[in-house]
Amino acid sequence: MCPTVENCTPVARFLLLGLTEQARLKGILFVPFLFVYLVTLTGNLAMITLIHADPQLHTPMYFFLSALSFIDSSFSTVNTPRLLESFLTSGQSISFAGCVVQMALMTLHGTAECLLLATMAYDRFAAICHPLLYHTIMSQSLCVQLVAATYTASAAISALLTGYIFKLPYCGPNIVNHYFCDLPAVLQLACADTAEVEFIIFSSSAMIILFTITIILVSYAYVLVTICRMRSLKAQSKALSTCASHLTVICLFYGTITFMYTQPRSPSSMEQNKVVSVFYTVVIPMLNPLIYSLRNKDVKAALKGRCFGMLPS
């Protein structure tokens, strides 16, 4: 850290250390991570295409699912190509502006996923607790407005957090102990007291998580009560099946981001954060379309119809 900020030369570029510095391990990791990235893009883009092509999937639930697939493919694309490149090089440089953009996009898509999962929980509440009014409540215009509001709020939060971090002076070390410009990793390099910004990041992350988790828990509490009141086991099973995929995704995503962004910063946590980051930035975007396609009868039926429809008669 510089003794006086006025005498420091601002950092022009950052050096990303990557996921690992072991050359042998880099060669081993490149192939599986490339495979995961290709599966992520293929799965999410296929989900979007299938939902928009099949009229039976033109419902609010699948509209939100297509938005989730878009977020996942974008989320993965922001950082995975650079991660793959880091496996082939000893160190990866990124410009100051590039670091700002990458952090902003990662924060935007991470926040958007939180808000969209909460929106999807409300959609399940409307579908199961008010089935007769479902299409009136979840109108097409409301669905578009909810997705637009999700991105607008996420962009505002991303601009706020990124702005606070990069208003700090960076004039000393420029080595980021991560494979992308993550908030805590970059903040460690600031040549000023970061306590206020750390508090803003911690409180903002906690508020987003608590706000969305509250919506999810309240929605599913009503859903559970409604399912318990159903007299038909078949109806109960059908209602539960429509929620199972969403609940699985929620558990995976919220478990990792809660661990990442609501714990106090410590030197030993940075290596753990890199490993956990792989799960929510690389693995979960790949798993989401697989979870929804394997556990969803409508998606499997639409996929079979499209596959058999393309076969020559």
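Numbering (my numbering), first residue to last: 4 to 316.
Idealized CB from N, CA, C, for every residue including glycine.
Owing to the predicted nature of the structure, the values given are computational and were not obtained by experimental measurement.
query: Please report the distance separating the alpha-carbon of L314 from that of A305.; result: Residue confidence for L314 is low, a pLDDT of 49 falling below 50, so the modelled location carries little weight and cannot support an answer.
query: Among the residues of its own chain, which have a CB less than 7 Å from the CB of A103, if the five just before and after it don't count?; result: It should be pointed out that residue 103 corresponds to Val in this sequence rather than to Ala. So the list reads T165 and F169, once near-sequence residues are dropped.
query: Pair every Cβ in the stretch 245-259 with every Cβ in the stretch 114-125, then say whether three or more of these pairs are closer than 8 Å.; result: yes
query: Comparing alpha-carbon positions, which option in H249, S280 and T261 lies nearest L68?; result: H249
query: Output the residue ranges of the beta strand (DSSP E) runs that lie fully inside the stretch 53-99 and measure 3 residues or longer, sorted by chain position.; result: 95-98
query: Any idea if P6 is buried or exposed, counting beta-carbon neighbours within 10 angstroms, 16 or more meaning buried?; result: Reliability fails at P6, whose pLDDT of 49 lies under 50, so the model's placement of it is uncertain and the value that follows must be treated cautiously. It counts as exposed.
query: Would you check if the distance between the CB atom of V179 and the CB atom of L290 is smaller than 7 Å?; result: no
query: Exposed or buried, what is I97 when buried is set at 16 or more other beta-carbons lying within 10 Å of its beta-carbon?; result: buried
query: Does the count of Cβ pairs from the stretch 44-63 and the stretch 208-217 closer than 8 Å reach three?; result: no
query: Please classify P362 as buried or exposed, where buried requires at least 16 neighbouring CB atoms within 10 angstroms.; result: Absent from the structure is residue 362, since the part of the chain shown begins at 4 and ends at 316.
query: Kindly indicate which three-state DSSP category R127 falls into: helix, strand or coil?; result: helix
query: Would you check if there are 3 or more beta carbon pairs closer than 8 Å linking the stretch 27-42 to the stretch 82-90?; result: yes
query: Would you tell me roughly how many angstroms separate the C-alpha atoms of Y295 and V228, rounded to the nearest one?; result: 24 Å
query: Determine the burial state of F128: buried for a count of at least 16 other Cβ atoms within 10 Å of its Cβ, exposed for fewer.; result: buried
query: Starting from the C-beta of L32, find all residues in its chain whose C-beta is less than 6 Å away, skip the five residues before and the five after it, and write them out in chain order.; result: F90
query: Taking the alpha carbon of Y363 as the reference point, which residue from L186, C246, F205 and L60 has its own alpha carbon closest?; result: Since the first residue shown for the chain is 4 and the last is 316, residue 363 is missing from the structure and cannot be characterised.
query: What residues are listed by DSSP as bridge partners for F17?; result: I97
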